[in-house]
Each structure stands twice: as structure tokens, then as C-alpha cells.
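Q:
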Amino acid sequence: MTLPVDLSTTLGNAWFPTPIFTASGCASSGKELSQFFPLKDIGAVVTKSVMSKPRHGRPTPRMAETPSGMLNSIGLQGPGIDSFLANDVPWLLEQKARVIVSIAGETIEEYSTLARKLRSVSGLSAVEVNISCPNVENRGLVFACDPDASRRVIDGVRKTIGGELPIIAKLSPDVTDLASIARGVVDAGADALALINTVLGMVINLDTMKPHLGGKTGGLSGPAIRPVAVRAIYQVHAALPQIPILGMGGVASGRDALELILAGASGVSVGTASFGNPTALISIQNELRDLLAARGFATVQQAIGFAHRDESV
Amino acid sequence: MTLPVDLSTTLGNAWFPTPIFTASGCASSGKELSQFFPLKDIGAVVTKSVMSKPRHGRPTPRMAETPSGMLNSIGLQGPGIDSFLANDVPWLLEQKARVIVSIAGETIEEYSTLARKLRSVSGLSAVEVNISCPNVENRGLVFACDPDASRRVIDGVRKTIGGELPIIAKLSPDVTDLASIARGVVDAGADALALINTVLGMVINLDTMKPHLGGKTGGLSGPAIRPVAVRAIYQVHAALPQIPILGMGGVASGRDALELILAGASGVSVGTASFGNPTALISIQNELRDLLAARGFATVQQAIGFAHRDESV
Amino acid sequence: MSSINRSAVQRKVTIVGNKRVGAYHQILLNVGDLVKSCKPGNFIAIAVGGESSKMVLRRAFAISRVSDNSQYGGTMELIVAPHGSGSRWLCAQIEGTELDIVAPLGTAFGIPTEPINALLIGGGYGSAPLFGLADVLKTRGCKVDMLLGASVGSKIYAPMEGKRSVNSLRIYTEDGSMGETGRVTESLLDIVQQRGIDVIYSCGPMAMLAAITALVADTEVIHQCAVEEAMACGIGICMTCVLPVTNSDGTTSMLRSCIDGPVMDGSHVRWDLVGKVPEVQQ
Amino acid sequence: MSSINRSAVQRKVTIVGNKRVGAYHQILLNVGDLVKSCKPGNFIAIAVGGESSKMVLRRAFAISRVSDNSQYGGTMELIVAPHGSGSRWLCAQIEGTELDIVAPLGTAFGIPTEPINALLIGGGYGSAPLFGLADVLKTRGCKVDMLLGASVGSKIYAPMEGKRSVNSLRIYTEDGSMGETGRVTESLLDIVQQRGIDVIYSCGPMAMLAAITALVADTEVIHQCAVEEAMACGIGICMTCVLPVTNSDGTTSMLRSCIDGPVMDGSHVRWDLVGKVPEVQQ
Ligand SMILES: Cc1cc2nc3c(=O)[nH]c(=O)nc-3n(C[C@H](O)[C@H](O)[C@H](O)COP(=O)(O)OP(=O)(O)OC[C@H]3O[C@@H](n4cnc5c(N)ncnc54)[C@H](O)[C@@H]3O)c2cc1C
Ligand SMILES: Cc1cc2nc3c(=O)[nH]c(=O)nc-3n(C[C@H](O)[C@H](O)[C@H](O)COP(=O)(O)OP(=O)(O)OC[C@H]3O[C@@H](n4cnc5c(N)ncnc54)[C@H](O)[C@@H]3O)c2cc1C
Ligand SMILES: Cc1cc2nc3c(=O)[nH]c(=O)nc-3n(C[C@H](O)[C@H](O)[C@H](O)COP(=O)(O)O)c2cc1C
Ligand SMILES: Cc1cc2nc3c(=O)[nH]c(=O)nc-3n(C[C@H](O)[C@H](O)[C@H](O)COP(=O)(O)O)c2cc1C
Ligand code: FES
Ligand code: FES
């Protein structure tokens, strides 16, 4: 017999029935997964990062499997914000899914423009701001690796949409001081943080003896990076205990989701695991419920950051 | 039939018969592995990082297995430099092993002191300077994460021992801009770079619901991080093509060693793989020889950085 | 918006046969009533490596044939080349092993409503889905010729039973160890002309598909090819498997070969742009 | 400097038996002449998960018994609790499976040269190495009493054959489902006194070993215990498996339990410091 567990959670002022979400770029716009389970049964669908204009993305090969993980270099292929808002969002809302739109830009201005377009859409739960993109105005330096650029992106989005939709800033782990980047975007107006985006990696193809991916480097995801995600979430939760975190990185089971929650995540996105198992989100959600019950938690809320309970500082 | 391949390699002015070395901290001082193969058969033994004084290290548990990897938090337990030089080094030299001594300190001064002690020992091949240690003089900030502190450590070591022994600076991948840290230590006098040290991670124990390791965070190693190592080596070799790199991170087969060499490594250290397989170094070395021959390489030298051959920049 | 094969389900199935055939393994799965929704050209995605596997992605294989009246209920046949760690693992599994599969996936070969002259061209294990296709074409009264090619004879997959459904079969190997020496494209245009071919169905390496497309470009022949791009998910959610495909307005889109393929019209694929990115944004 | 067991070798061996016994699996390996160098207390390190395993570390198991005259040549018996993914994988392997092992590893129980009164105490699968030890002690003319404890009866491992070598056997379970209700430490001091015990040999959870050490601290009894710390390498190269042990000069060293153990003198282990670090540097 399992005790009933209240799985509901919040990020800023957005409420979700469960803490298990898709990860941006790992569920397209939700349609394909809906063949395996109703999208309203999970916490939220985080859509693939969308940009202003349609994009072809990077050349193939776009992926390489690595031990307990994979590299991808998709390069944000997508239809552009207008087509996305006209086609994908209405369909998702019809399914009664909670929708978090992920936006990505090449300039600080592009992020603000994207945020402005979201104002016209009702029914969205939050906006996730993917700042792990190259800043074309600054030698292609990734926004998330530059404390100042990160802050300015979030500041621009806040000015446009702040207070209307919770702003979740998605950070890259490839930085020397994650907590300070986190502090910067929170000061600039982020209501929540998404941790972690992929880790920069590369695979050399031993036949061509060149980098395997069309984009040369790619983002490492999957269970291989879970210890990095747990550390990032733990560190940032310790530094900013009031800021909700949407955790992600290698979650493939209820055990993994609970690990991230104990470290400080209020919600958990599942990415790569869906590629190997289209019903991963549902089984993770069920396993999480059982694990929480077995540990005497009546609500997810009680478990968030529980691993910090005896911290002196 | 396999063509003979010249496996010899160099790091600075040190010569090694093969490019396959142990990784610091993953072979203790070599004695235990010598029961499985003669230490003179591999390129070099890189010894566990030694500090000035004997050290107990961190509390247990000191390890957690993770998907295709592991976390460790040993905390540099060791006998101290005097005992090490009196007992371990002479034994290794007797075995006709090439010896690279890894040193670690808590202050810039401690590194110089350690280097000074090495001057009295003849027969060493190189010194590896492990700068992934907390700097007690600067809020425990890891030297390798601080461009200025990294430079100053290497500068101190160079002043003491530069020109006598090649100085290999071992860097951490947990930084925003690895190439600039690399450039800094090379400017300060490093003859070669060791890439990569472990990636900072954490595992939460689901029974205690606290960080599993005694030291809370630990270093992630093993095949899980290999794509990060390849990327780091590729990036740094592109930025500093003249500087030899001792590559490491998740190498478990000849295929993996070749991948690092093609990315730009002149030598390859094998760490975690020896835990799972005490004869890993030997099989990696044999497999590497066959893979090089199959690709028509007559020498390891020809393969170093081969994946960069068509780079425009 | 294109969408995933409506019949796709995730299921545990059992291996009921695993036999070496030349360089390949013929693997038989008991898939029950799933056979009813499988069409020639569809593929299956299989989780590999068992419970403690370091391989996080499924492996894709063409459905070679399905049969509804075997002793096991519905069975599905795969032809698997032991290539890397995942396919080698699969080839090493014995009868009774349970597999986690998602199937059927992707598009199918278009079946003509009229009896036509069809030429089926397979490269390596690419012949696998062609025999099932030949069966179907035969029942529609089509004339079915087949060309198979591979580097060496052991890589030609042409089972006895399969040959029943084809009117003629020509085999090419690059080293001449079986059939004629050369490639399937050798005298393709002659064959097309002599036999009055209306449709070419092909499956095999991308270079073969591109070469066929180029050869028949100036003819009336329709070329349906089953492409093979590395796939991370197989169900349309990752965008790794894309191919540049010409739209009706002349622009190029990067289409997912797992849901807009694997069967595509060869003349629509921008073979020159595979591995590149169309320069003009849509 | 302490060093690795001189007899340790890496070898491929075959599983020749795998039988469920209560909560455990009794696994029999054909290890050939390796049996000659195995001593009670030694352990074996096994690679788990097969070729495509995500588990990079070996798993350690006490060598329960070796036998030189079985039908297979030398065999080694292990008692394995299905705990996490590695041990569960091992328990699921069938006869004929090849395993990559390193053995024998670690220190062995000290065998007295005089006939003495020995008390063997096992917790859970900790009883595994004690039956082999009992055999040896018997041949030396020792009197051998045994106490086994576990949480529940299914976790008591006490094979029929094993009992031959012990003079008396008392079983304790915490839930009373087998033997007496309680722990092995319940009336330990009485037993020690009544039977004139000279040496206690123990193997089981660390808390049990610590409790025994505390109980006999003020007696003349020698306590040899086989400790169990998480091990990454098993051969002394990683420094993960350390325990705080008192040196002769009163200082404390962090010793590797894989080469300075698993068998240690209980009175030397600083049980109070396990999971901590000695404050004064050596
Ligand atoms: C639609 C489709 C149908 C296929 N049909 C068959 C078939 O009938 N018989 C058969 O033997 N093989 C077929 N393949 C190829 C088969 O999927 C690969 O051989 C297999 O995935 C290789 O996995 P591996 O672990 O053995 O190799 P690895 O090289 O270790 O694989 C590493 C990664 O690369 C991917 N990959 C490697 N090679 C290929 C490839 N050629 N195509 C796609 N992905 C690849 C793998 O999926 C995996 O994610 C098909 C592929 C696709 C996309
Ligand atoms: C010297 C020695 C002798 C042992 N003898 C036996 C025996 O005879 N029978 C038996 O069933 N078990 C024995 N164990 C415990 C056995 O090693 C663990 O149960 C096993 O390693 C757990 O691995 P897992 O993958 O199932 O669990 P997981 O929890 O998934 O293992 C994760 C990691 O933690 C380590 N680990 C987890 N639990 C333990 C533990 N209790 N001790 C040491 N390492 C652990 C594993 O080695 C692995 O690296 C012994 C351990 C040691 C050190
Ligand atoms: C194929 C692929 C595409 C991705 N695309 C995006 C994206 O568009 N925007 C984004 O913020 N993150 C993207 N990510 C990162 C994931 O959202 C997630 O942060 C990361 O993969 C770690 O989670 P996982 O290990 O569960 O996959 C992508 C990841 C993968 C594997
Ligand atoms: C148990 C353990 C101890 C280590 N100790 C040291 C050390 O003392 N000094 C050092 O520079 N690196 C140390 N490392 C890092 C390794 O030398 C190596 O850089 C890293 O593990 C990546 O290689 P691998 O994946 O092959 O293990 C240690 C790694 C492990 C796993
Ligand atoms: S394989 Fe994932 S979209 Fe096609
Ligand atoms: S387990 Fe590695 S030193 Fe003991």
C-alpha cells in the first residue's frame, strides 16, 4: 500500500500537478510523445528552444552516443516563433498540457523580441530562457558563460514580460563559478533557474579521424552528467535557497528524480531518457511517487532540498 | 601482420618509450600494479600527488560509482614528500620505470618547496603540478580555477626547477575558458599541460538523504567524462599547437587512447580504468599499437593532433 | 506537421530465433498482433545492452518481414549486421531473451494500386525489407525484378523463400565473390529501359541511394528509397536524423528521416546537401 | 609498506553453479589451481555487467570456500546477496557464464599454531568465509563454536556441510524467525567466559564488528575481524577503502582495507573514527 503523495509543485507563481517535465529539445513540441501518454499527465511540456526566425540548424551527423550519454549538435533547428505560436502552442493547450516555452536568441534584443511575442498568448505556464547560445555580438561567446551578458538577457526579458509569466533562466554548467552566474540572473529578475544545460564535449570519429559531429563540438547529456547536475543544483540551492530550481541532467528513473529534488530541485526535466524510452516520464513519475511515500514524505515540497537539512552555513 | 609502430613520445625534453602512462592517484606509487605487469613496459608512472606533510585525506565514504564513471574524494592522503622521496621513488627507479612526480600544495609557497625537494633526486622524467587544489590563502578557491593563482604556482615551480625537469601543469576542466588558463600557465613556464583532472560532481545517498561522500562533492572520472576530455584537449591543442599535452579522462581502450591522441595528446594517462582492470594499461597500449598500424601510422608522432589537419584557423 | 507512425507502440517481445546467415544474423521476434500494423519500409527501435547498459539509445532496424501464421503467433524478422556494440549485443542474444521495442516506426514504401513494373534494389542488409515488399507487390500483380549488391558475397542477403516473389534476381559484388563483379548501378539504366520499369524501390547505403537517384533523374521512373541516418530517438523528438529535402516551392527543409522517412522520394532528397546545411534560411 | 596479496592474479573463470539459498545466491566458480593460494578471509573482485556495462568498478566478495577435488578441478564458492545492480547482475548469471576476476585479494584470518578455543561470529552473508575457516581450525585441533546473526531467518547462511566443522552453532535473528531472538552480541561475554574462548573470528556489518570489539576490550580475547569498506579497486591503488587504525606509537593511520585488510585486529581499528578523519596529522 502506498500513501498518497501530493506531487504538486511550483516555480515562481506557476503551479504544476507533478514535478516531472520534459526537457527542452527532447520532446519537440510534444506531439510525438502524446502517442505514448497523455501530455496532461505530466507536470509540464518544456518546448524546444524557439528563435525569431526559422532555422535549419547544424549539419549532420548531429549525434554521437557516448558511455551512458550522448552528444548532440542540433543547432536549434526550428520553425521560428510565429509558426510555433500559431501551430504548436494551441495544440498543446488543447491537450490540457502545462506549457513552458523555451526561447533562444543570438542577441540580447532577440530574447526581448521573443518574450514580447509570448505576451500575446494566454495559457502559458512559464518561459524558460535558454542562454546557452552563442552571442553573435560578442565573438560568439555563449551568453551563459558571460555573467554580464546573462544578466542583460534576463533583464531584457523581465522588462518585457516580468510579472506576467515566471521567468526561468537556464544555465550552462561550463563555467568556473555557477553560483555567481545564478546570482546575477536572479538579481536581473529571473524567478527560477533551470540547471543544467548540456556539458560541452567532443567525439573523434576513428574512421575519418576528424571530429564526428557536423558541428564539431556537441552537448553531453544523459546519465553520464547526472553527478554534475546534482552538484550544480546542490551548490546553487545552497547559495540561493529561496530560488526554485528546475533540475535536469541524466534523469532516467524515479531514483534519479528524487536525487535532484533532495539536492534542491522543485521540478525535474527529463531529456535524453525519453530517446531511449518514450514512456520514461510516466515511469519516472510513478517511481518518484513510490519512493517519496516509502520515505514518509506526504508532499514533494517536503523533499525539496532535504539533503541540505543539517548544513551549518 | 602488424606493421611495427614507433610508440615513443616526448613531453618537453623528456622521452618515453610509449605514450601510455598511469594517471596520478590511480596507481598509488606503482608497487601494487607491478604485480600485474612490469612498470618499465609502460610509458611512465605518474605518482599520486604528494604534499609537503603526511595527510590523512578526507573521511569515508570516499567513492561512489556513477553511470560509466565514479566520484572520488580522497583528499590527497599520502605520506608527505620526504617519505615519498626516500621510499617510493628509489623503488620505482630500480624497476626502470620512467617516473613523473605529481605535486600538490595548499599555498603557492608549498608548490615551490616541493619542487625544490625534487631537485635533489636524479632520474625523474618530469614533474606534474596538480593545481586542482584549494588555495588556503584565497578562501579555498581552487588554484586551477583562478588564472592568476595558476600562473603564480607555475611561475614558482619554474623558478625552482625550470630547465632541469619538464613542468607539466595539470588543469581542471571546471572553468569557463580553459584555453586562457592554459595560455597563462604556459606563459608562466609550463613545458606541457595535463588535461583533464576530474569534473566536480555529487551523489546523494537515497537512504541517508544526504550527500553520499564524506567530502560531499567529489571528482567525476571514467568513460562518462571522455567527451569532455576530448573537447578540452582539442580546444587547447588548437589554441596552443606547440605545447605537448598529456591527455586523460575516461580512457579504457586503445580506441579511446587514439581518440585523445588524434585530438592533440602526446601522451595518455589511464586512471579509473585500472580500478576495473589492473592490466588495462597493457591492453590499451597493445590495442593502440594495432589501431595505429591499421591506419598506416608508422609513429605515434604522426597521429598527434591529426584530427586538426584541415583546420582553417 | 508530419507525425509519428500512428501504429507505433512500446512493447516487450521475445526472441524466438537467432540464426547466422552469411555476415548477418536473422533474428526472429514474437511480436503478437503488432504484425498487423507493420508495412514494408517501416522500422523497429530496440533497446540494447540489458539492464546495466551504458548504451542509452535504441538501435534502428528495418523490419525485414512479418508473418501472422507461424507457430508463435505473429513474428517479425530482422536482418542484423554485427557492426558496433549495440548490434553485436543484439546478435549475441539467445532465444528467450526479452527485448524492449518500439514499432512500427516511420513511413512505408508506397504500394501502387495498378500492376506496375517494379525494380527493387538492395545494398547489403538493405535487401532485408525488399523481400516483404516483393510479396506485397506480387499480390498486386506487379512484375518484380531485384538487384542486390554488396562488397563481398557474405554480405548478400537473399533467402531462398524470399526469391519466390521476384521474377528475376541479379547479384553484384565488388570483389566478384558472388554474382557479377561491380555495383548495382552498373547497368541500371539498361535494365530500367529493357524491362520498362515504372518504380524503383531501394534500400542500402546513402551513396547507393544518391547514385540511383542521379541515374534516373532524367527518366520518368519514380524512386522510393529507404534512407539511413543516425537516429537518437526514432520517434521524432530529437532532430538528429534530419535530411535536406526539397519542398514544393523549391526551398529546402531539414526533415526528420524517422518520421518523414525512412522511405522518401529519392528525387526530393538534396543528396548534395547531406552533411551540409542549406544556405538560405527557409 | 604493506603490499598486495602476492598470489593475486587476474583471470577468466566460468560459473559452474548458481543456486538460491535463502536470501542469497550460492555461486560456484571453476577457478582451477587458483584454489591453492586462497586462504580463509581473502576476497575476490569481479567485473560486473558484461561487455556493455555502465558499471566501471569491480565488486568484492568474500571467498566462502574453495575445494580442490570437485568434478571441475578447483572450485570456489561465493555467497552473494542481491543488493544493488552489480550483485543482482551476478546473481542472474547462469552456468557457463565467463567472469573476469582478480583473486585472491587481501589478508587472511590468522591461524593459530596451537589448538585453541575459537568463536566464529558471522552477520548475514558474513558467515560465508567462516565455514572454510572452521575447517582449517578443526584440522589444527581447535574447538570451534559459532554464532550467526541476521535480521531475518532467510538471511542466515548456514549450510549443512558447513556445520560438520563446528562444535556448536547458535543462531540469532532480530525478528525471531529463526533461532533465538536478538543479536549475536546478546550473551557474547558469557559465552566467551563459559567456553574459555581464546580468539574471536568475525565477519559481518561494521556495527557488529565494532560492538564485538567493545565487548571484549577488557578481556584477553583476540578479535580478528573481516571489515567491509566500499572499494573502488580492491588492489591498493585508489585509497577509497581506508579505515583509521592505531599504530604501535599511538598515532592513527588511514589504512587500505583491501590490502591491510579485510582481516584486521579489531582492537587496532579506531571504530569511533570510521567515517571521520583523525584530527592530528601523522
Ligand atoms: C531506418 C534504419 C534502418 C536500419 N536497418 C538496419 C537493418 O535492417 N539491419 C542492420 O544491420 N542495420 C540497420 N540499420 C543500421 C543500424 O541501426 C546500425 O548498424 C546500428 O544502429 C549500429 O549500432 P551499434 O551499436 O552496433 O554501432 P555503434 O557504431 O556503436 O553505434 C553508435 C551510435 O550510432 C548509431 N549508428 C551507428 N551506425 C549507424 C547506422 N549505419 N545507421 C544509423 N545509426 C547508426 C547507433 O544507433 C548508435 O546510436 C538501420 C538504421 C536505420 C536508421
Ligand atoms: C571485502 C569484502 C567482502 C565482501 N563479501 C561479500 C560477500 O561475501 N557477499 C556479499 O553479498 N557481499 C559481500 N560484500 C559486499 C559487496 O561487495 C556489495 O554488496 C556489492 O559490492 C554491492 O554492489 P552492487 O552493485 O550490488 O550495489 P551498489 O550499491 O549498486 O554498488 C555501488 C558501489 O558501491 C559499492 N558497494 C555498495 N555496497 C557495498 C558494500 N556493502 N561493501 C562494499 N562495497 C559496496 C559497490 O562495490 C559499487 O562500487 C563484500 C564487500 C567487501 C568489501
Ligand atoms: C537532442 C537534444 C536537444 C536539446 N535541445 C535543447 C534546446 O533546444 N534548448 C535547451 O534549453 N536545451 C536543450 N537540450 C538540453 C536539455 O534540455 C537538457 O538540459 C540536457 O539534455 C540535460 O538533460 P538530460 O540528460 O535529461 O538530457 C537538448 C538536449 C538534447 C539531448
Ligand atoms: C581515486 C582517484 C584519485 C585521484 N587522485 C589524483 C591525484 O592525487 N592527483 C591528480 O592530479 N589527479 C588525481 N586524480 C585524477 C586522475 O589523475 C585523472 O585526471 C582523472 O581521474 C581522469 O582520468 P580517468 O577518467 O582515466 O580516471 C584522481 C582520480 C581518481 C579516480
Ligand atoms: S531520430 Fe529523433 S527525430 Fe528522428
Ligand atoms: S579499494 Fe582501492 S585502495 Fe583499497
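Residue numbers (the numbering used here), protein chains in the order written: chain G, 1 to 313; chain Z, 1001 to 1313; chain P, 2001 to 2282; chain B, 3001 to 3282.
Each residue gets a CB set at the ideal place from its N, CA and C atoms; glycine is no exception.
Evaluate glycine 3266 (chain B) with the Cβ neighbour count: other Cβ atoms within 10 Å of its Cβ, from every protein chain shown; 16 or more gives buried, anything less gives exposed.
A: So glycine 3266 (chain B) counts as buried.
Q: Would you please verify whether the beta carbon of lysine 3155 (chain B) is less than 8 Å from any beta carbon of chain Z?
A: It does not; no Cβ of chain Z falls within 8 Å.
Q: Under a Cβ-count criterion, where at least 16 other Cβ atoms within 10 Å of its own Cβ denotes burial, should glycine 3196 (chain B) be classed as buried or exposed?
A: Glycine 3196 (chain B) is exposed by the Cβ-count criterion.
Q: Of all residues in the structure, which have a C-beta closer than 6 Å to any heavy atom of ligand 5, taken in chain order?
A: My final list is P:Met2231, P:Ala2232, P:Cys2233, P:Gly2234, P:Gly2236, P:Ile2237, P:Cys2238, P:Met2239, P:Thr2240, P:Cys2241, P:Arg2256, P:Cys2258.
Q: Taking only beta-carbon atoms, is threonine 3113 (chain B) less than 8 Å away from chain Z?
A: With 8 Å as the cut-off, threonine 3113 (chain B) does not count as an interface residue toward chain Z.
Q: According to DSSP, is isoleucine 20 (chain G) part of a helix, a strand, or is it coil?
A: Of the three classes helix, strand and coil, the one that applies to isoleucine 20 (chain G) here is strand, per DSSP.
Q: Does the beta-carbon of isoleucine 1131 (chain Z) have 16 or more other beta-carbons within 10 angstroms, so that it is buried, or is it exposed?
A: When all chains shown are included, isoleucine 1131 (chain Z) counts as buried.
Q: Quick one: Cα of glutamine 2282 (chain P) to Cα of glutamine 2026 (chain P), how far?
A: For glutamine 2282 (chain P), the predicted model reports a pLDDT of 40, less than 50, meaning its position is unreliable and no value from the coordinates is stated.
Q: Do you know offhand how far leucine 329 (chain G)'s Cα is from asparagine 2005 (chain P)'s?
A: Chain G is shown from 1 up to 313; residue 329 (chain G) falls before or after that span and cannot be answered.
Q: Taking Cβ positions only, does glycine 27 (chain G) come closer than 8 Å to chain P?
A: Inspection of the sequence shows that residue 27 (chain G) is occupied by alanine rather than by glycine. By this cut-off, alanine 27 (chain G) is an interface position.
Q: Considering only the beta carbon of each residue, do threonine 1272 (chain Z) and methionine 1051 (chain Z) sit closer than 8 Å?
A: No. Outside cutoff.
Q: What does the alpha-carbon distance come out to for the pair alanine 1169 (chain Z) and leucine 118 (chain G)?
A: Taking the straight line from one Cα to the other gives about 49 Å.
Q: Alpha carbon to alpha carbon, how far is proline 211 (chain G) from serine 3052 (chain B)?
A: So the alpha carbons of these two residues sit roughly 23 Å apart.
Q: Would you mind stating whether valine 3080 (chain B) and valine 3035 (chain B) have Cβ atoms separated by less than 8 Å?
A: In this structure, valine 3035 (chain B) does not lie closer than 8 Å to valine 3080 (chain B) by Cβ.
Q: Would you mind reading off the limits of the alpha helix (DSSP H) that contains lysine 2163 (chain P)?
A: 2160 to 2163 is the span of the alpha helix (DSSP H), which, as asked, contains lysine 2163 (chain P).
Q: Using the beta-carbon count (16 or more within 10 Å), is isoleucine 304 (chain G) buried or exposed?
A: With 16 or more other Cβ atoms within 10 Å, it is buried.
Q: Give me the DSSP bridge partner(s) of tyrosine 3172 (chain B).
A: Tyrosine 3172 (chain B) is bridged to B:Gly3149, B:Glu3180.
Q: Where valine 1313 (chain Z) and arginine 1058 (chain Z) are concerned, what is the direct C-alpha to C-alpha distance, given to the nearest angstrom?
A: Note that valine 1313 (chain Z) has pLDDT 49, beneath the 50 cutoff, so the model's placement of it is unreliable and the number below is only indicative. Approximately 45 Å between the Cα atoms of the pair.
Q: Is the closest heavy atom of ligand 4 to the C-beta of lysine 3355 (chain B) under 7 Å?
A: Outside the modelled stretch of chain B, which goes from 3001 to 3282, sits residue 3355 (chain B), for which no answer is possible.
Q: Taking Cβ positions only, does alanine 3230 (chain B) come closer than 8 Å to chain Z?
A: Closer than 8 Å: yes.
Q: Would glycine 3141 (chain B) and proline 3115 (chain B) be called neighbours here (beta carbons separated by less than 8 Å)?
A: Yes; because the gap between Cβ atoms is below 8 Å, this pair is in contact.
Q: Within 10 angstroms of the Cβ of histidine 2063 (chain P), are there 16 or more other Cβ atoms? Answer buried if so, exposed if not.
A: At residue 2063 (chain P) the sequence reads isoleucine, which differs from the histidine that was named. Isoleucine 2063 (chain P) should be labelled buried.
Q: Relative to chain Z, which residues along the region 210 to 243 of chain G have a C-beta separation below 9 Å, given in chain order?
A: Going along the region 210 to 243 of chain G in chain order, one finds Lys210, Pro211, Lys216, Thr217, Gly218, Leu220, Gly222, Pro223, Ala224, Ile225, Arg226, Pro227, Val228, Ala229, Val230, Arg231, Ala232, Ile233, Tyr234, Gln235 with a Cβ nearer than 9 Å to chain Z.
Q: Can you determine whether any heavy atom of ligand 8 sits closer than 7 Å to the C-beta of glutamate 3095 (chain B), and answer yes or no?
A: In the structure shown, ligand 8 is absent; the only ligands present are ligand 1, ligand 2, ligand 3, ligand 4, ligand 5 and ligand 6.
Q: Got a sec: is the Cβ-Cβ distance from valine 313 (chain G) to anything in chain P below 8 Å?
A: Any reading at valine 313 (chain G) needs caution, since the residue's pLDDT is 49, under 50, leaving its predicted position unreliable; the model's value is listed next. So no, valine 313 (chain G) is outside the interface.
Q: Is asparagine 87 (chain G) helix, strand or coil by DSSP?
A: Three-state DSSP puts asparagine 87 (chain G) in a helix.
Q: Counting only beta-carbon atoms, is methionine 3264 (chain B) nearer than 8 Å to chain Z?
A: Methionine 3264 (chain B) does not count as touching chain Z.
Q: Taking Cβ positions, are leucine 3120 (chain B) and leucine 3130 (chain B) nearer each other than 8 Å?
A: Cβ distance < 8 Å, so leucine 3120 (chain B) and leucine 3130 (chain B) count as in contact.
Q: With a Cβ-Cβ cutoff of 8 Å, do phenylalanine 3043 (chain B) and proline 3262 (chain B) count as a contact?
A: Yes, Cβ-Cβ distance for phenylalanine 3043 (chain B) and proline 3262 (chain B) is below 8 Å.
Q: Rounded to whole angstroms, what's the CA-CA distance from methionine 209 (chain G) to phenylalanine 1306 (chain Z)? Just pull it up for me.
A: Looking at the two C-alpha atoms, the distance is approximately 7 Å.
Q: By the 9 Å beta-carbon criterion, what residues does the region 266 to 282 of chain G contribute toward chain P?
A: Per Cβ criterion, the list reads Thr272, Ala273, Ser274, Phe275, Gly276, Asn277, Pro278, Thr279.
Q: Compare the C-beta of alanine 2008 (chain P) with all C-beta atoms of chain G and state if any pair is closer than 8 Å.
A: Yes, its Cβ sits closer than 8 Å to a Cβ of chain G.
Q: Does asparagine 286 (chain G) come out as helix, strand or coil in the three-state DSSP assignment?
A: Helix, per DSSP.
Q: Under 8 Å, with one C-beta from each stretch per pair, do the region 1029 to 1045 of chain Z and the region 3195 to 3211 of chain B reach the 3-pair mark?
A: Counting Cβ pairs under 8 Å, fewer than three are found: no touch.
Q: In the DSSP output, which residue or residues are listed as bridge partners for cysteine 3203 (chain B)?
A: Note: cysteine 3203 (chain B) sits in a beta bridge opposite B:Gly3122, B:Ala3226.
Q: Please name the residue, chosen from G:Val129, G:Arg139, G:Asp207, that lies closest to leucine 195 (chain G) on a Cα-to-Cα basis.
A: Considering only alpha carbons, the answer is G:Val129.
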